[in-house]
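Engineer: Just so we're aligned: 263 in the working numbering is position 245 of the first sequence, and the numbers increase by one with no gaps anywhere.
By construction, the Cβ of each residue, glycine as well, lies at the ideal position given by its N, Cα and C atoms.
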Amino acid sequence: MSFFTITHQDKHSLARTGVIHTAHGDIETPVFMPVGTQATVKSLDSADLENLDAQIILANTYHLHLRPGEDIINDCGGLHKFMNWNRPILTDSGGFQVFSLSKNICKSGLSGNPDYYKDQGKLALIDDEGVTFTSHLDGSTHRFTPESAIEIQHKLGADIIMAFDECTPDDADEKYTREAMERTHKWAERCLTYHKNIKTLKHLPDMPDGKSWQAGKNKQFLFGIIQGANHKELREESARAISAMDFDGIAIGGESVGFNMDATKKILDWVNPIIPKNKPHYTMGVGFSPSDLFEVVERGVDMFDCVAPTRMARNGALFCHCEERGTSDEAIQFGSPRLFEARDNGNKHRININNAKYRDDKSPIDPLCTCSTCKNYTRAYLHHLFKAEELLAYRLATIHNLHFFLNLMREIRQAIKDNKFLELKKEWI
RNA sequence: GUGACCAUAGUUUAACGGUAAAACUGCGGAUUGUGGAUCCGCUAUCGAGGGUUCAACUCCCUCUGGUCACC
Numbered sequence: 019m020s021f022f023t024i025t026h027q028d029k030h031s032l033a034r035t036g037v038i039h040t041a042h043g044d045i046e047t048p049v050f051m052p053v054g055t056q057a058t059v060k061s062l063d064s065a066d067l068e069n070l071d072a073q074i075i076l077a078n079t080y081h082l083h084l085r086p087g088e089d090i091i092n093d094c095g096g097l098h099k100f101m102n103w104n105r106p107i108l109t110d111s112g113g114f115q116v117f118s119l120s121k122n123i124c125k126s127g128l129s130g131n132p133d134y135y136k137d138q139g140k141l142a143l144i145d146d147e148g149v150t151f152t153s154h155l156d157g158s159t160h161r162f163t164p165e166s167a168i169e170i171q172h173k174l175g176a177d178i179i180m181a182f183d184e185c186t187p188d189d190a191d192e193k194y195t196r197e198a199m200e201r202t203h204k205w206a207e208r209c210l211t212y213h214k215n216i217k218t219l220k221h222l223p224d225m226p227d228g229k230s231w232q233a234g235k236n237k238q239f240l241f242g243i244i245q246g247a248n249h250k251e252l253r254e255e256s257a258r259a260i261s262a263m264d265f266d267g268i269a270i271g272g273e274s275v276g277f278n279m280d281a282t283k284k285i286l287d288w289v290n291p292i293i294p295k296n297k298p299h300y301t302m303g304v305g306f307s308p309s310d311l312f313e314v315v316e317r318g319v320d321m322f323d324c325v326a327p328t329r330m331a332r333n334g335a336l337f338c339h340c341e342e343r344g345t346s347d348e349a350i351q352f353g354s355p356r357l358f359e360a361r362d363n364g365n366k367h368r369i370n371i372n373n374a375k376y377r378d379d380k381s382p383i384d385p386l387c388t389c390s391t392c393k394n395y396t397r398a399y400l401h402h403l404f405k406a407e408e409l410l411a412y413r414l415a416t417i418h419n420l421h422f423f424l425n426l427m428r429e430i431r432q433a434i435k436d437n438k439f440l441e442l443k444k445e446w447i
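(1) According to DSSP, Lys160 sits in a beta bridge with which residue or residues?
(2) Along the alpha helix (DSSP H) that carries Thr109, what are the first and last residues, could you check?
(3) Let me know the secondary structure DSSP gives Gln115 once reduced to three states.
(4) Along the chain, where does the beta strand (DSSP E) containing Met263 start, and where does it finish?
(5) How far does the alpha helix (DSSP H) with Asn215 in it reach, from first residue to last?
(6) To the nearest angstrom, how far is it from the Cα of Asp110 to the Cα of Gly95?
(7) So Thr27 is in the beta strand (DSSP E); what residue range does that whole segment cover?
(8) Relative to the C-alpha of Asn78, which candidate in Asp146, Ile170, Gly267 has its C-alpha closest?
(9) Checking 8 Å against the spacing of the C-beta atoms, do Ala167 and Phe241 come in under that value?
(10) Between the alpha carbons of His160 and Gly276, how many angstroms are there, rounded?
(11) Tell me which same chain residues have a C-beta within less than 8 Å of the C-beta of Lys405, skipping the five on either side of it?
(12) Does Ile74 come out as helix, strand or coil in the three-state DSSP assignment?
(13) At 3 residues or longer, what runs of the beta strand (DSSP E) sit wholly inside the region 33-81?
(14) With Gln301 as the anchor, note down where its beta strand (DSSP E) starts and where it stops.
(15) Answer yes if the region 289-299 comes into contact with the region 377-388, meaning at least three C-beta pairs across the two stretches below 8 Å, and no otherwise.
(16) Just the Cα atoms here: how many angstroms apart are Met330 and Arg34?
(17) Helix, strand or coil for Arg368, going by three-state DSSP, please let me know.
(18) Spatial neighbours of Thr55 within its chain, please: C-beta separation below 6 Å, excluding the five flanking residues on both sides.
(19) Just to confirm the assignment, what range does the alpha helix (DSSP H) spanning Asp89 have?
(20) Using only CA atoms, which one of Arg377, Val289, His26, Glu68 lies nearest to Leu403?
(21) Quick one: what's got a C-beta closer than 7 Å to Val325's C-beta in the same chain, skipping five residues either side?
(22) If you compare alpha carbons, which of Phe337, Cys387, Leu84 is closest to Lys366?
(23) Figure out for me which residue from Ser64, Ala269, Arg105, Ile90 has the closest Cα to the Cα of Asp44.
(24) Spatial neighbours of Trp205 within its chain, please: C-beta separation below 6 Å, excluding the five flanking residues on both sides.
(25) Span of the alpha helix (DSSP H) holding Leu409?
(26) Between which two residues does the beta strand (DSSP E) carrying Phe239 extend?
(27) Let me make sure I understand the geometry here. Which of Phe423, Ile75, Asn248 has the alpha-carbon closest to that of Ile107?
(28) Which residue from Lys375, Glu445, Leu426, Ile216 puts its Cα closest to that of Leu70?
(29) What runs of the alpha helix (DSSP H), each 4 residues or longer, lie entirely inside the region 267-319?
(30) Quick one: grab the DSSP three-state call for Pro132.
(31) Just to confirm, is the Cβ distance from Gly272 to Ile293 under 8 Å?
(32) Three-state secondary structure (DSSP) at Ala406?
(33) Buried or exposed for Glu408, going by 16 or more other Cβ atoms inside 10 Å?
(34) Got a sec? Which residues, its chain only, sit under 6 Å from Leu442 by beta carbon, not counting five neighbours each side?
(35) At which residues does the beta strand (DSSP E) containing Ala142 begin and terminate?
(36) For Phe100, does the three-state DSSP call read helix, strand or coil?
Shown next, in the form of structure tokens:
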């Protein structure tokens, strides 16, 4: 069985449905992947995630390496067993954290020693071999190389692992962006080589069937990452280079991806003719709002992740079909809540439950939502929990926001199969 | 009852003879390969009355309220 099967191609766009096969089960695409950086989707446990029918979640190499350390997780039987999650997991390689920790390095040049950068308050130093960085936890010095990033991910035991890349800031000059991109390509080759050649690990993470996990082929799938910032030629060159390598999937990374949707759309339009259609396409960091999901799915993206629904939940920003302006009942009576919302709320599709107007609102967060939070609790109660900073607020809100995104993805997959994707998109945007 | 001190934003506190600063709260906004984090706006005619002065939250008097000490 191949890793990825396309099950339906939309007739009017690049949108498509598919299935990714992993040792921990199948994933229907296009899929939104909730983020669980530190081996937990904040405020939820694995039973909550199963109830939400999350198909796959993310964890982060950088954070788990620093704490508790991959050896401890490996010793506990791997990430799945460690966090009691038996469905697929994807680990990010840590490349993005290097970017976010060292944002301004390229402006000041690359020569010098780590102490210099430390003194400047910069937390990472990139060279051709790898990255030296200081921990955000205790300031201790660490180093990632393509080889170590893959080895850590082998020990963590996620189903899908990412190549170690360098994500450059968009305001870097073109010379540096090219340099970093070429380095990312060399690192991609090194990740592949290390991934394929590794023979054994001290402790093999457990597989769901009770057999031992085997490093390498067909057990963990490795994705390459296209970089090149917002330069057309660099993006095309990177797409060609990454596509030519033996990766199981193709990711598109960069500061703009997800953050700036106009740039994201352009980048996808540039690379789409180049990247192989039979591999999963993954835009990293996309999913800030419902409209973002439509934009990338329309351009043939199969996987995406974003911290937005979970982080927003913790800050009281709750997604909604219909923003009130008046009450949610009136919105329903309006006839088409989605259109009502699109016109009246700048298409943000969310409310801030902290707002005083929800103090005595006895309707659910979203009257059209079927999640357990909306079935059982009122806006007034959620408002109170947030004001009182009660821990239940975070869990109920996270359940709602994730349900909203995962359910929207189910609708999108169905619409693609019915060749009605663009019609569904019009309802939302 | 006597004496001392105090009264400034919802709360706790600043400053200054030239129309008031801050923290927290409150009311909004931001949030993108996760810090339950953080950031950004907005909110006061200074207990009441009178006096001195070009000008008083600031100095003086009275009242009201409070705190402490003594009887």
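Structural biologist: Let me spell this out:
(1) What you label residue 160 is simply residue 142 of the first sequence in a count that begins at 1. Before going further, note that residue 160 is His rather than Lys in the sequence given. Beta-bridge pairing links His160 to Phe151.
(2) The residue labelled residue 109 in the question sits at position 91 within the first sequence. Run containing Thr109: none in the alpha helix (DSSP H); it sits in the beta strand (DSSP E), 107-110.
(3) Locating residue 115 in the first sequence gives position 97, where the first residue counts as 1. Here Gln115 sits in helix by DSSP.
(4) Position 245 of the first sequence, counted from the first residue, corresponds to residue 263. Unbroken run through Met263: none, as it is neither H nor E.
(5) Within the first sequence, the letter at position 197 stands for residue 215. 192-215 is the extent of the alpha helix (DSSP H) around Asn215.
(6) Residue numbering aside, residue 110 sits at position 92 when the first sequence is read from its first letter. Residue numbering aside, residue 95 sits at position 77 when the first sequence is read from its first letter. Rounded to the nearest whole angstrom, the CA to CA distance from Asp110 to Gly95 is 19 Å.
(7) For the purposes of this step, residue 27 is taken as the residue at position 9 of the first sequence. Checking the sequence, you will find Gln at residue 27 rather than Thr. Run containing Gln27: 22-27, per the beta strand (DSSP E) assignment.
(8) Taking the first sequence and counting its residues from 1, the one referred to as residue 78 is at position 60. Shortest Cα-Cα distance from Asn78 to any of Asp146, Ile170, Gly267 involves Ile170.
(9) Translated into positions along the first sequence, residue 167 becomes position 149. Translated into positions along the first sequence, residue 241 becomes position 223. For the pair Ala167 and Phe241, the CB atoms are not nearer than the 8 Å cut-off.
(10) Translated into positions along the first sequence, residue 160 becomes position 142. Translated into positions along the first sequence, residue 276 becomes position 258. If you take the alpha carbons of His160 and Gly276, they lie about 28 Å apart.
(11) Counting from 1 along the first sequence, the entry for residue 405 is found at position 387. Cβ within range, chain order: Asn372.
(12) Within the first sequence, the letter at position 56 stands for residue 74. In this structure, Ile74 counts as coil in the three-state DSSP scheme.
(13) With a minimum length of 3 residues, the continuous beta strand (DSSP E) runs that stay inside the region 33-81 are 34-40, 43-47, 49-51, 75-78.
(14) Working through the first sequence from its first residue, we reach residue 301 at position 283. Going by the sequence as given, residue 301 is Thr instead of Gln. For Thr301, the enclosing beta strand (DSSP E) has its first and last residue at 299-302.
(15) Taking 8 Å as the limit for Cβ pairs, the verdict is that the region 289-299 does not touch the region 377-388.
(16) For the purposes of this step, residue 330 is identified with residue 312 of the first sequence, where counting begins at 1. For the purposes of this step, residue 34 is identified with residue 16 of the first sequence, where counting begins at 1. Approximately 28 Å between the Cα atoms of the pair.
(17) What you label residue 368 is simply residue 350 of the first sequence in a count that begins at 1. DSSP places Arg368 in strand when its eight states are reduced to three.
(18) Here residue 55 refers to the residue found at position 37 of the first sequence. Excluding sequence neighbours, Thr55 sits near Asn78, His81.
(19) Residue numbering aside, residue 89 sits at position 71 when the first sequence is read from its first letter. Going by DSSP, Asp89 is part of the alpha helix (DSSP H) stretching over 88-93.
(20) For the purposes of this step, residue 403 is taken as residue 385 along the first sequence, with counting starting at 1. Of Arg377, Val289, His26, Glu68, the residue nearest in Cα terms is Arg377.
(21) Along the first sequence, read from residue 1 onward, the residue named residue 325 stands at position 307. Val53.
(22) Locating residue 366 in the first sequence gives position 348, where the first residue counts as 1. When each option's Cα is compared against that of Lys366, the closest is Phe337.
(23) Position 26 of the first sequence, counted from the start, is the residue given in the question as residue 44. Per the Cα distances, Arg105.
(24) Here residue 205 corresponds to residue number 187 of the first sequence, with the count starting at 1. Pro164, Phe182.
(25) Position 391 of the first sequence, counted from the start, is the residue given in the question as residue 409. That run of the alpha helix (DSSP H) goes 409-435.
(26) Here residue 239 refers to the residue found at position 221 when the first sequence is read from its first residue. Here the beta strand (DSSP E) through Phe239 covers 239-244.
(27) Along the first sequence, read from residue 1 onward, the residue named residue 107 stands at position 89. That would be Ile75, whose Cα lies nearest to the Cα of Ile107.
(28) Counting from one through the first sequence, the residue named residue 70 turns up at place 52. That would be Leu426, whose Cα lies nearest to the Cα of Leu70.
(29) Correct list: 279-289, 308-316.
(30) Mapped onto the first sequence, residue 132 falls at position 114. Because the pLDDT of Pro132 is 38, which lies under 50, any placement of that residue in the model is unreliable, and the question is left without a value.
(31) Counted from its first residue, the first sequence places residue 272 at position 254. Counted from its first residue, the first sequence places residue 293 at position 275. Not in contact: Gly272 and Ile293 (Cβ atoms no closer than 8 Å).
(32) By one-based count along the first sequence, residue 406 stands at place 388. DSSP places Ala406 outside both helix and strand once states are collapsed to three, so it counts as coil.
(33) Within the first sequence, residue 408 is the residue found at index 390, counting from 1. Glu408 is classed as exposed because its beta carbon has fewer than 16 other beta carbons within 10 Å across all chains shown.
(34) Translated into the one-based positions of the first sequence, residue 442 becomes position 424. Exclusion of the five residues before and after Leu442 leaves Ala433 as the residues of its chain whose Cβ lies within less than 6 Å of its Cβ.
(35) Here the question's residue 142 lines up with position 124 in the first sequence. For Ala142, the enclosing beta strand (DSSP E) stretches over residues 142-144.
(36) By 1-based counting over the first sequence, the position of residue 100 is 82. In this structure, Phe100 counts as helix in the three-state DSSP scheme.
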